[in-house]
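Before any comments, here is the structure.
In full-length UniProt numbering, the protein residues as written are 1 to 443.
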C-alpha cells in the first residue's frame, strides 16, 4: 500500500522537476540569444572590414591589369611566388575552403590566422597578373580564419566553435557579394550537402547582415547590379524551356567541377613541385590567351556578366571562361570559383536565349544563380541570392532553375570536403558522412 500511495507524490515531484528544468531552459534563452548576436556581429564587423579592403584592392589591381597588358607575362612568376609563400609559411592553409568545412564537420585542426593575409595576397597577385579566378574563396577563408581566432580568444567549446566558423563563412560571403540573406543560408548549407543546421541561423544572420552593413555603410563599397528585364508570363511551354535550360546549367556545373578537380590531380602528378606547377599553369594561360585571341576570360569575368545582361556575348563564351578558370585554379593559383561561375552561367543563359526564344537577360539571371548552385550544392542560398540581386518577380523560375541544376549536377562540387548528408537520389546508396572527394574515389 505504501508503494501505491507514494507513487502520485513521486509523479508530482517528477513533474515539478521537469517544470523547473523547463523554466531554467527558458531563462537561459535570452542569454544565449544575446551571446550569439554579439559574437555573430563581431564576426560580421571583422569579415566586413576584411572584405571591404579586399574589394577595394581587387578593383585597384584589376585597373592596373587593364592599363598594363604586359603584366600577363609575369603570371608564371607571380604564381610561383604565391606557391612558394604557401610552402614556406602556409602550413595547412593550402587546403583553403576545405579546411574550414572539415572543421565545421567535427574537425580538430586549427585554422591559422595567417590564412587571411596569405589568401588575400595570393588572390590579388592572381588578378593583377591575369589569372581567371573569383573572390568568394578569399572572403570565406578570411572569414573562417578570423572567426577561428575569435573562438580561441573567447574560449568557445568545440560545438560553439563550429557555429562561429559558419558565421565566418556567412559574414565573408554576404559582405563580398552584398547579399546578406544568401550569405546566411550559404553558411548553413555549404558544409553538409542536403542538411541545414538551424542552430546556427541567428548567429549566421547576424554575421552576414553586419558584414554587409560594414562593407557598404562603414567603408562605402558598392556592389555590381544587373537588370533581369522582361519576365515571361507563366505557361507550360515557358516552364519546359526553363527546365531544359536548367538541365544544361546543372551539367555545366558538373563539367566545371569535374574538370577543375581533374586538372588539380593532373598538374600535381605531372609536376609535383607546387612552385613549378603554378608557373607551368601561368605559362599555359598565356598560350591560351593568344590562342583564343582575347583577354575577355581573364580576371573575375565582370565584363562578361555585364554583356550577358546587355548587348550579348559570343555563343561559346561560357566555355572559354570555364576552361580558363579550371586551368587557373587547377594549377594552384589562389582565388574563388563563384564569380567565374556567375560569368559562365550568365553567358550560357544568354547564349541559350536565342535557341529557346526567351529574353536574354532573363535566362542570364537564371544561369547566373543556377550554375553556381549546381557547383556549390546550395540551392536555398542561390535561390535567395537570385531574389536579392534580381527581385522577386521571377522567383518561381529561379526556384525551378536552382532545383533542377542541383539535381543534375550530381554528387560533384567545387568543395571536395563537402559531406553528403542526404543523397540527391534514392537510387544511390551513399554511406553516412561521405565526402565528395571520397565518393569520387569510391566510384
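Every residue gets a Cβ at the ideal spot worked out from N, C-alpha and C, and that includes glycine.
Report the rounded CA-to-CA distance for residue i versus residue j, giving the unit in angstroms.
i: residue 211; j: residue 96; result: 21 angstroms
i: residue 116; j: residue 141; result: 6 angstroms
i: residue 429; j: residue 375; result: 21 angstroms
i: residue 322; j: residue 35; result: 43 angstroms
i: residue 372; j: residue 337; result: 9 angstroms
i: residue 128; j: residue 120; result: 12 angstroms
i: residue 416; j: residue 264; result: 12 angstroms
i: residue 111; j: residue 59; result: 28 angstroms
i: residue 99; j: residue 273; result: 21 angstroms
i: residue 193; j: residue 90; result: 28 angstroms
i: residue 23; j: residue 199; result: Caution is warranted here: a pLDDT of 47 is assigned to residue 23, below 50, making its placement in the model unreliable, and no coordinate value can be reported.
i: residue 404; j: residue 379; result: 9 angstroms
i: residue 102; j: residue 268; result: 22 angstroms
i: residue 433; j: residue 290; result: 45 angstroms
i: residue 48; j: residue 324; result: 29 angstroms
i: residue 38; j: residue 232; result: 44 angstroms
i: residue 85; j: residue 118; result: 8 angstroms
i: residue 341; j: residue 186; result: 16 angstroms
i: residue 65; j: residue 72; result: 8 angstroms
i: residue 202; j: residue 151; result: 17 angstroms
i: residue 237; j: residue 356; result: 10 angstroms
i: residue 408; j: residue 254; result: 8 angstroms
i: residue 92; j: residue 240; result: 46 angstroms
i: residue 358; j: residue 352; result: 8 angstroms
i: residue 218; j: residue 46; result: 12 angstroms
i: residue 216; j: residue 389; result: 15 angstroms
i: residue 80; j: residue 31; result: 50 angstroms
i: residue 441; j: residue 266; result: Residue confidence is low: residue 441 scores 46 on pLDDT, short of 50, so the model does not pin down where it sits. No coordinate-derived value is stated.
i: residue 106; j: residue 421; result: 14 angstroms
Let me confirm a value: residue i is counted as buried when at least 16 other C-beta atoms fall within 10 Å, else exposed. Which label applies?
i: residue 220; result: exposed
i: residue 27; result: Any reading at residue 27 must be qualified, since the residue scores a pLDDT of 45, below 50, and its modelled position is unreliable; the value itself is stated next. Exposed, because fewer than 16 other Cβ atoms sit within 10 Å of the Cβ of residue 27.
i: residue 369; result: buried
i: residue 307; result: buried
i: residue 377; result: buried
i: residue 446; result: This structure does not reach residue 446, given that the chain is present from 1 up to 443, and the question cannot be answered.
i: residue 104; result: buried
i: residue 262; result: exposed
i: residue 426; result: exposed
i: residue 431; result: exposed
i: residue 350; result: buried
i: residue 21; result: Note that residue 21 has pLDDT 49, beneath the 50 cutoff, so the model's placement of it is unreliable and no number is given.
i: residue 148; result: buried
i: residue 157; result: exposed
i: residue 88; result: exposed
Looking at C-alpha atoms only, which residue of the options is the closest neighbour of residue i?
i: residue 62; options: 366, 300, 228; result: 300
i: residue 183; options: 143, 242, 83, 233; result: 143
i: residue 75; options: 257, 176, 333, 47; result: 333
i: residue 423; options: 354, 195, 394, 217; result: 195
i: residue 298; options: 126, 164, 190, 421; result: 126
i: residue 165; options: 146, 178, 154; result: 146
i: residue 312; options: 153, 363, 123; result: 363
i: residue 455; options: 181, 367, 437, 149; result: Because the chain spans 1 through 443 in this model, residue 455 falls outside it and cannot be assessed.
i: residue 419; options: 409, 408, 436, 413; result: 436
i: residue 259; options: 319, 382, 201; result: 319
i: residue 446; options: 325, 54, 347; result: The chain is shown from 1 up to 443; residue 446 falls before or after that span and cannot be answered.
i: residue 139; options: 292, 252, 57; result: 57
i: residue 327; options: 114, 93, 359, 281; result: 281
i: residue 285; options: 88, 330, 305, 256; result: 330
i: residue 257; options: 235, 207, 384, 344; result: 344
i: residue 168; options: 354, 44, 317, 287; result: 44
i: residue 52; options: 67, 213, 296; result: 213
i: residue 288; options: 209, 130, 50, 266; result: 130
i: residue 222; options: 179, 171, 197, 107; result: 179
i: residue 411; options: 283, 251, 399; result: 251
i: residue 94; options: 275, 67, 216; result: 275
i: residue 208; options: 67, 421, 82, 177; result: 177
i: residue 206; options: 292, 354, 109, 33; result: 33
i: residue 69; options: 271, 296, 346, 50; result: 296
Mind reading off the beta-carbon distance from residue i to residue j? Whole number of angstroms is fine, and I expect it under 8 angstroms.
i: residue 228; j: residue 391; result: 7 angstroms
i: residue 395; j: residue 387; result: 6 angstroms
i: residue 189; j: residue 339; result: So it is not a contact: roughly 19 angstroms between Cβ atoms.
i: residue 249; j: residue 401; result: 7 angstroms
i: residue 226; j: residue 305; result: 7 angstroms
i: residue 181; j: residue 414; result: Contact doesn't hold; Cβ gap of about 21 angstroms is too wide.
i: residue 302; j: residue 224; result: 6 angstroms
Minimum length 3: unbroken beta strand (DSSP E) runs contained in the region 83-145: none
Every unbroken alpha helix (DSSP H) within the region 387-423, with a cutoff of 4 residues, ordered by chain: 395-408
Length-filtered (4 minimum) alpha helix (DSSP H) runs lying within the region 169-243: 180-189, 201-213
Contained beta strand (DSSP E) runs [length at least 3] in the region 330-389, N- to C-terminal order: none
Completely contained alpha helix (DSSP H) runs for the region 252-293, where each covers 4 or more residues: 274-292
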